[in-house]
Structures are given as C-alpha cells and as structure tokens.
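Residue numbering for the sequence shown follows this note's numbering, beginning at 3 and increasing consecutively.
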Amino acid sequence: EQEIRSIGQTPNQKEIQAVIDFLNTKEERLIFSTNCLSAAMQQNYSFTKTFAGLLAIKISESPNEYILWFRKEQAVEVYWGGNPTEKTIRREAGKRLSPRKSFAKWKQLVADQAEPWRKYELDAAILLRNNIREIILKRFNELKQLHHNLKMSYDELESFSYSVSHDLRSPLRAIEGFVQILKEDYSDKLDSYGIDIIRIIVENTTKMNAFINDILHLSKLAKVGLIYNEIEPKKILSPIIDNILAGNESYKAVKIVFKEPFPNITGDHTMIRQAFANLIENALKYSATKDQAYLHISGVEDEMQTTYRIEDNGIGMDQGYSNKIFDVFSRLVTEEEFEGSGIGLSIVKRIVERHQGKIWFESQLGQGTTFWVSFPKINVADSLK
C-alpha cells in the first residue's frame, strides 16, 4: 500500500526509500544482493557504512514492491604475502623487471562490507517470493469471485429497486385520482375531520411520489452513460437556487454568498447539476431555522482537480456519524423535524464517484456543516474517444 514497514535494526524510512529508488533502476531483476551497498549504489550515503549488505526480492510491479534484508558492516582483516600496493622495481639500464624485495606478512582492514550472502539464503528468498505470490494470486481470485458476486447482487438490487418503484406508480396514481374526486365532489358532505384526512392523504402521496422518484434516480445512476462537457458552475448554480427557493419560501431567509473564483468542472451536465442541487437544498433546509443563516459556495482548482465547497451554519451533525451519512435511507433527524427521503446524499456520492471524484465533509452539532466535492480534470476530447 505504498508504505514502508521495518522490523529490527534497519535504515530509516528516508534511507530505505533511497534504496528502493536505486532498485527501481534495475531492469527486470527479481532478486538483488550485495555485501557492499555503497559500491553498488555508487553514491555516498552515510547509512551504507552501517548497513553494508542488502538482499532484495521484488514482490510485484506497478507499483514496485519489495522485501529487503539489511546486514550490518563486518570489518574483516585480510592478510597478504607482502603489501599489495608496493611497487615492483624497474631497472632502466637492462630493461629488467624485478619483484618487490619484501614479502613480509602484511595485514589490511577491509571496511564498508558485510558478510556475503550464501546461495541457500538467495534460494530461500526466491522461495519466499514464490510463496507470497501464490498467496496474492489466491487472494486475487477470491476477490475476483467476490466482486463478481457483488456485481450480480448489485445488478439484481438495482433491477428490483427500479421494478418496485415503477410498479408503485400505478396504485399511487389511483389513490391520487380518488382523493381528487373526494376533494372536488364530496367536500361539501364531509366534516372538518374528513377534509383533514383528505389533506393528509394528499401530502403523503406527494411524499411517496418524491420518494419513488429518488429511488428511480438512484437506480438509474449506474446505468446511464456519462457525457462529458465543460461546465461553468456559476451558470447552473443561480437557476438551481431559484428553483429551490420557489418551492420553499422559508429558505429565502438564508443569505447565499458566492465566493470567487468559480472554476469549470469537466463532467456530465445533468449529473453535476443534480449533485449541486442536492447539496444546496440540504444546506438551505438545515440552516433556514437558524438566526442569521448563511450559505457560502466557492471553488478552487489545481493541475489535477477542481474542488467546490458548500458551507452553512445550520444545525450541523455529530462527526461520529460520518460513516453513515451517505448510506441510502440514512437520516440523522426525524421526518417531523425536516422532511426528506434520506437518499439525497447517496445520490450525490454516487454521482461524484462515477466521475472518479471525492466527497467529504466536516460538521459540528449546532454550528454548521461544510461539504467538499472534487472532480478530476479530464480532457473532453479524450473522454469522447
């Protein structure tokens, strides 16, 4: 997972990374060993004086992963039959070479080297590598089967959600139709209690319609193909806000502030618009009851991605529920307090992930919530290939 983990006495992580960078320059070498690391790396690293020996096996590529063994320096005394650096004698007159005159026993201290790696140690390293790769392959096949099973279950669930939601529309329309007949033709024959019942039925069929629409929308997200375009968020945000405010007068109490800049997003226009609509409506809904409520929207970009921030000072939530907030049907408030289906943020997360983006948030109970959504920069021309 691109991490360095060490056991026992080893170089520090920065030094180990230098060794990995060195190994990455070796072409298709599955095993590497040396008892003089300083000579092999050909760079003056201070740690190679302490850790002079290295045995490395490559576990995988893309990214490269290794197991490394280090050996400490083991200075060795080498005895020569005379000083090996002593020059021979050359007699110019007769053009004759003569050996050195002294063959006295000469001692040399060899440093910066570790005990050499033996063949059985190299063989054991290769065997370990093969065993690990067998385990990885077995795990990969298990994950592949699990992925296949999950995909089948997911497809069945998507199909089931779509079918159920679609089939619910017919009886719901019948209920709406009969309630409308009661309201128009029999209201003069009903008392106030009967009229209240009709009103409650109308309100609940409206909520059920919205609920069904959300489920259908969620089930379609995985099947609809993305059409990438250059989107100017500022042009879509104003109409989104106008539509939301037109549907709920209480939201107009929230002060909405656009903070420049508003960098472009590359993505599917319909989906991006839906994601912003859900996030903004959530922010307005949960902040409208606060005094001096506000909603701030801003964007930033770098070479890799474009990120938007949606911040409110609403009711907030416990950050401990961060692992549940994007779950389908997950709600941290009751429907009596705030209406909703609990699907809105699930839709946003699905849209962002389909664009290979990220969504995260910070919140404090009673203080407000900030959502961030980031979208990678994609060349529109490349997305059409």
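Glycine residues also receive a C-beta, built at the ideal position from the N, C-alpha and C atoms. Here the structure is a predicted model, which is why all the values come from computation and not from measurement.
(request) Any chance you could list the beta strand (DSSP E) runs of at least 3 consecutive residues sitting entirely within the region 9-65, in chain order? (result) 33-36 and 53-62
(request) Look up Gly301 in the DSSP assignment and give the residues it is bridged to. (result) Tyr310
(request) Output the boundary residues of the beta strand (DSSP E) element that contains Ile267. (result) Ile267 to Asp270
(request) Can you grab the Cα-Cα spacing for the pair Val2 / Phe328, in whole Å? (result) Examination of residue 2 is not possible in this model, given that the chain is present from 3 through 387 alone.
(request) Please report how far the alpha carbon of Leu239 lies from the alpha carbon of Phe278, in whole angstroms. (result) Distance between the alpha carbons of Leu239 and Phe278 is about 8 Å.
(message) I'd like the list of long-range same chain contacts for Ile128, defined as Cβ closer than 8 Å, with 5 residues on each side in sequence excluded.
(response) Leu32, Ile33 and Ile59
(request) Pair every Cβ in the region 368-381 with every Cβ in the region 277-294, then say whether three or more of these pairs are closer than 8 Å. (result) yes
(message) With a threshold of 8 Å on Cβ separation, who are the neighbours of Val181 within its own chain once the five nearest residues in sequence on each side are excluded?
(response) Ile200, Ile203, Val204 and Thr207
(message) Using the Cβ count rule (16 or more neighbours within 10 Å means buried), how would you classify Ala290?
(response) buried
(request) Enumerate in chain order the residues of its own chain whose CB-to-CB distance from Asn37 is below 6 Å, with the five nearest sequence positions on each side excluded. (result) Closer than 6 Å at Cβ, skipping near neighbours: Gly55, Gln115, Ala116 and Pro118.
(message) Going by C-alpha to C-alpha distance, which of Leu247, Met43, Asn133 and Gly318 sits closest to Asn26?
(response) Met43
(message) Between the alpha carbons of Pro173 and Asp193, how many angstroms are there, rounded?
(response) 27 Å
(request) Hey, could you find the ends of the alpha helix (DSSP H) Gly249 is sitting in? (result) Run containing Gly249: Pro235 to Gly249, per the alpha helix (DSSP H) assignment.
(request) Could you pull the start and end residues of the beta strand (DSSP E) that Lys351 belongs to? (result) It is not in any beta strand (DSSP E) - Lys351 instead sits in the alpha helix (DSSP H) that spans Gly346 to Arg356.
(message) Bridge partners for Ile258 per DSSP, in chain order?
(response) Leu297
(message) Quick check on the burial criterion: 16 or more other C-beta atoms within 10 angstroms. Buried or exposed for Pro235?
(response) buried
(request) Return helix, strand or coil for Ile380, following the three-state DSSP convention. (result) coil
(request) Starting from Glu364, follow the beta strand (DSSP E) in both directions and report where the run begins and ends. (result) Lys360 to Gln366
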